[in-house]
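Residue numbers (the working numbering): 568 to 1765.
In this text, a Cβ means the ideal position worked out from N, Cα and C, and glycines have one as well.
Structure follows, in structure tokens:
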């Protein structure tokens, strides 16, 4: 028993009561709180009927706890006793055994298992306290299943002034009954009293529901790895909840009539089977007011695409196959399956990979078998007596698109507009607009005039007498009536069980029990029942179809629940719907006609000289603009729109200003209204209102302008001409985050693609204010819209330094770890664009570390921005280089290159960053070794292959040159065949450059790179590689000396220098020195002795020393004279060396080359259009150029 208790506690750890439920276990439920569920529920409803709101709320919460206890206890016992029985399953009968005897044996085995399971259940339930109480009837359990108690609970809590808890209760009821109009109206009313968002909690939510919603949001934001993980968790939680639901279906059965043995068993089994089939529907979540159709299949759908985006094709294929179990006719998934099969060799897929997942097969087989058996039972075991008409309302009846439940998810427009400031009537969504107004509170505050009728209609959700009359089962022919609330006095408590058991039992008639003192209620009940029974069939039909014709409203046949209507009421539904539609149509037509007749007179009043008259007229027009029909009439009248605009411009009365801006705000929700405002000159007037001191006027003006900027052609130019930017930028100093979000989005719409607007924002201090917002607020939508403005401004050469000087890099870096993917991406793009002017910025240590961590992302945009930003921030900045190297940046960049494949937008900046990290800082040697130790050399050498773009090839050549500075890298570079590839590129680039020289044309840029730069880079890399004897021999054998000698004649000084340098290294070998001399290198080398570049002259002298060693004394003397006159006349030691012709065994160190200047100076301004331009800073020969990457232009940011 101890082990069973421990297992039970572990099992129920996740099933503890949520929200208003305190924690409990099925064994440890407080004894004082135990009572029959039916009794607790009936007491709660009686208190509700007596307007004892606080007591009713407590009793309803207690009954909800008892129901949860009963449900969890049932599930526990049936899980515990559902283990397979011992013994082998029955086998097929041998041929010699008679079929009757075999059938008898199988039946005995079956009933033996049933008896063992029944014994287990009886023992289990004997231990649990809830089963020692009277079991509630089926009707009561159905009420709780439909969350009916929450309909009473929310109103009782509201009347008890517990609005927050009332919101949660109403929301919980609507999750199961999303079209219940009365509760929708109440929830809309609650929205006028407080901000309800944090209280919209489903108190009965299953564990998988929030996980599923979070996964879908991650999926929509492109975070497929996290989405897949959450979806797998949601799937596992759903299957667990499904098992619990199945276990809970095998509770007590209410025997309604006596039948034979097998029919009785069949009846019970069919009721259990119906419950199990309904589990799939009961567990379908409600997201945003819509049930997720084919929920399990939908989860596999999301998993399929997420795994595909993560390149986990094997799991993607299994998810597709699992989806096809539930929806084999889905054309998209069929096409996906064909696609995977077609490319099975590419991904090395086996046939077993196309099998559905085991849990999906098990779930599908079980649900399909249950439905098939239930269909069989309905077809062959249908009862002959009159049955209750099925409501026809269920989740399957809703015709939703596959992703309809997420339509508009995360929509920016419906979010912070509605939430910031609205009139008390609505929150701005469609449900609110149709709900009408309700009283402000229930504490005696005077109701608005427009709300009186609704208040009278909605004083209570369900009238007491209505519940008393309709709570019992109604056959549709005669309604059971009980007009007296059952007494809860102490005298009756002893007979409660029998009383309440009869009252809630489903029967064709109603049995009502009374205690002493109830004779008056009994006679009243009998009188009412007689009145009902006396009605003819025609009268009942008339009362149902045309209730307004019945004088005595108490004679109306009503029911408590929508799903429990009588047959007559169900037949009357179409006529009631038609009548309602006609009433709405008449009201709509009346509103439109009233507005049309009033518009001419209102126009005159708006133009009146008396400000009081104008104010009253503006208030009336404002009221008309809030109704759809009259609003359309206003939009179709240019005269009244123009009058409103004129009034708004000229008025000095704050109330009039509020009404007129409110009118334009209401009209701006329609395209026709936007056009009317635009044509009436409304934009300059609205810009003027941005200076108003009234918050509501300010809100109406900015949101109306925002709608115009979004949807009205020509509005952007009109706002610019009206000096709208000059008015909007100072508004950034406001402190309301939701208002700031709208304002910043307006700035983004105006600045995008318009340089003049960007300069105006700069002139008005926009960059500083925007950076301050990024630094001070944590409201995601505001941060997102602000980052969008900064992203647009970050491509403006004038705004970039201002943003950086205001601390923009640090402020943006603060949000790189945000949970919002869209905010992170905007910050990354902005950092990427600003980074070329922030190379000397201090305080970026944290940003650099985060950027290194971002390199592990699978998102292409994140990698593009992170690598580009690291490339720029490590350019000519020794401190940043050291920090990135110490933060494992080299390893991360190499892994990024390996994963990027052919995405050059990632590989090129990554290679540039590595090129920077491997030169000119204290940890450069560690970085050079790290590239080798992380197996980066083969991948880097492969990037030299064509058809890679020339900017990538150029950056790779520079990186290889830096890697060659480390002697330990020479052998891996040689194994990767780097020398033949460099020679091949050198030959190709030199030939291309020579063609342009021969043609007399200026050499063009190829993708922003000149072929002369490739010649210089390849020769420089070969120069460093030639320090190794093995590499030197390979370079010589590739017959490169003639080409190097030709390069000595190049008009480009840098090419002359690197050519002389590589010949200097090759000349150390006697054979190579002879080949250099044979190619006639002496003449150009003699000329280079007089070069202004001391490095070039030094290399030339060294080569001449080598090739003159075996010459006659006259030649050596002539060389000595040349050296004396050119190089060593100021260096006695060098002169002695030249005179004695000491052989040079070591190459000249590149650090001794003070005259080397790069091809591009570090202070050359950037071209904002060129996205691949490398800016080389001052550096000694050891380092190939650092390159700064320019920003993307506006069109790259959309």
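- For the 8 Å Cβ check, are there 3 or more pairs between the region 1619–1632 and the region 1585–1597? Counting Cβ pairs under 8 Å, three or more are found: they touch.
- Task: Return the CA-CA distance between residue 1306 and residue 739, expressed in angstroms with no decimal places.
- Result: Here the alpha carbons of residue 739 and residue 1306 stand approximately 31 Å from one another.
- Quick one: is residue 909 buried, meaning 16 or more other Cβ sit within 10 Å of its Cβ, or exposed? With fewer than 16 Cβ atoms within 10 Å of its Cβ, residue 909 is classed as exposed.
- May I ask which residues mark the beginning and end of the alpha helix (DSSP H) holding residue 863? If you look at residue 863, you'll find it in the alpha helix (DSSP H) that goes 862–876.
- Compute the Euclidean distance between the alpha carbons of residue 686 and residue 698, then round it to the nearest angstrom. The alpha-carbon atoms of residue 686 and residue 698 are separated by roughly 15 Å.
- Query: Can you find at least 3 beta carbon pairs, one from the region 1199–1214 and one from the region 1239–1259, that sit closer than 8 Å?
  - Reply: Two segments are said to touch when three or more pairs of C-beta atoms, one from each, lie closer than 8 Å; by this definition the region 1199–1214 touches the region 1239–1259.
- Item | Option in 621, 603, 906 with minimal Cα separation from residue 707 | Shortest Cα-Cα distance from residue 707 to any of 621, 603, 906 involves 603.
- residue 1767 to residue 1489, Cα distance in whole Å? Residue 1767 cannot be examined here, being either before or after the span of the chain that is shown, 568 to 1765.
- Message: Using C-beta distances below 8 Å, list every residue in its chain close to residue 757, excluding the 5 sequence neighbours before and after it, in chain order.
- Response: The beta carbon of residue 757 sits closer than 8 Å to those of 725, 730, 733, 734, 737, 763, all from its chain and outside the five residues before and after it, given in chain order.
- Please confirm if the region 1260–1277 is in contact with the region 1219–1229, defined as three or more CB-CB distances below 8 Å between the two stretches. Judged by pairs of C-beta atoms under 8 Å, the region 1260–1277 touches the region 1219–1229, as three or more such pairs exist.
- So what does DSSP say about residue 702, is it helix, strand or coil? Here residue 702 sits in coil by DSSP.
- Item | Whole runs of the beta strand (DSSP E) within the region 1299–1339, excluding any shorter than 3 residues | For the region 1299–1339, not a single whole beta strand (DSSP E) run of length 3 or above is found.
- Can you tell me which of the three DSSP states residue 1481 falls into? It is helical.
- Burial state of residue 1217, where buried means 16 or more other Cβ atoms lie within 10 Å: By the neighbour-count rule (16 or more Cβ atoms within 10 Å), residue 1217 is not buried but exposed.
- Query: Can we say the region 1347–1358 touches the region 1389–1398, given the rule of at least three CB pairs closer than 8 Å?
  - Reply: Yes, they touch.
- Task: For residue 617, collect the residues of the same chain with a Cβ closer than 6 Å to its Cβ; drop the 5 residues on either side in sequence, then sort them by chain order.
- Result: For residue 617, where only same-chain residues beyond five positions count, there are no Cβ hits under 6 Å.
- Query: Using a Cβ-Cβ cut-off of 6 Å (strictly less than) and excluding sequence neighbours within five positions of residue 799, which residues of its own chain qualify?
  - Reply: For residue 799, where only same-chain residues beyond five positions count, there are no Cβ hits under 6 Å.
- Item | Rounded straight-line distance, which links the Cα of residue 1316 to that of residue 1336 | Using only the alpha carbons, I get a separation of about 17 Å.
- Message: Once the 5 residues before and after residue 938 are set aside, which same chain residues still bring their CB inside 7 Å of it?
- Response: Cβ neighbours of residue 938 beyond the five flanking positions: 844.
- Task: Note down the Cα distance separating residue 704 from residue 923, rounded to an integer number of angstroms.
- Result: In this model, residue 704 and residue 923 are separated by some 41 Å (Cα to Cα).
- Would residue 689 be called buried (16 or more neighbouring beta carbons within 10 Å of its own) or exposed? Only exposed fits residue 689, as fewer than 16 other CB atoms lie within 10 angstroms of its CB.
- Between the region 743–762 and the region 628–644, do at least 3 Cβ pairs fall closer than 8 Å? No, the region 743–762 does not touch the region 628–644.
- Item | Residues bridged to residue 858 [DSSP beta-bridge criterion] | DSSP lists 853 as the beta-bridge partner residues of residue 858.
- Query: Taking DSSP as the reference, what is the three-state secondary structure of residue 1619?
  - Reply: DSSP places residue 1619 in coil when its eight states are reduced to three.
- Message: Here's the rule I'm using: 16 or more other beta-carbon atoms within 10 Å means buried, otherwise exposed. How should residue 711 be labelled?
- Response: The residue in question, residue 711, is buried, as its Cβ has 16 or more Cβ neighbours within 10 Å.
- Message: Going by beta-carbon coordinates alone, are residue 1435 and residue 1476 separated by less than 7 Å?
- Response: Residue 1435 places its beta carbon less than 7 Å from that of residue 1476.
- Which term fits residue 851, buried or exposed, when burial requires 16 or more other beta carbons within 10 angstroms of its beta carbon? The residue is buried, with at least 16 neighbouring Cβ atoms inside 10 Å.
- Query: What runs of the alpha helix (DSSP H), each 4 residues or longer, lie entirely inside the region 1213–1275?
  - Reply: Scanning the region 1213–1275 for uninterrupted alpha helix (DSSP H) segments of 4 residues or longer gives 1221–1234, 1238–1246, 1249–1256, listed from N- to C-terminal end.
- Item | Selection from 1294, 915, 629 that minimises the alpha carbon distance to residue 1327 | When each option's Cα is compared against that of residue 1327, the closest is 1294.
- In angstroms with no decimal places, state the Cα-to-Cα distance between residue 1579 and residue 1605. The alpha-carbon atoms of residue 1579 and residue 1605 are separated by roughly 21 Å.
- Could you give the residue range of the alpha helix (DSSP H) that holds residue 1189? Here the alpha helix (DSSP H) through residue 1189 covers 1178–1192.
- Message: Let's test the definition: count the other Cβ atoms within 10 Å of the Cβ of residue 520 and tell me whether it reaches 16, buried, or not, exposed.
- Response: Summary: the structure shown does not reach residue 520, with the chain confined to residues 568 through 1765, and so no result is reported for it.
- What are the uninterrupted segments assigned as alpha helix (DSSP H) that are 4 or more residues long and contained completely in the region 746–821, given in chain order? Annotation: the region 746–821 contains the following complete segments of the alpha helix (DSSP H) (minimum length 4 residues), in chain order: 748–758, 775–787, 791–815.
- Is there at least one non-hydrogen atom of the ligand FMN closer than 6 Å to the beta-carbon of residue 1500? No copy of the ligand FMN occurs in the structure displayed, which carries no ligand at all.
- Message: What would DSSP say about residue 1384, mapped onto helix, strand or coil?
- Response: Note: residue 1384 maps to coil in three-state DSSP.
- Task: Let me know the alpha helix (DSSP H) ranges lying completely inside the region 1584–1613, each 4 residues or longer, listed in chain order.
- Result: Note on the region 1584–1613: whole alpha helix (DSSP H) runs with a minimum of 4 residues are 1596–1604, in chain order.
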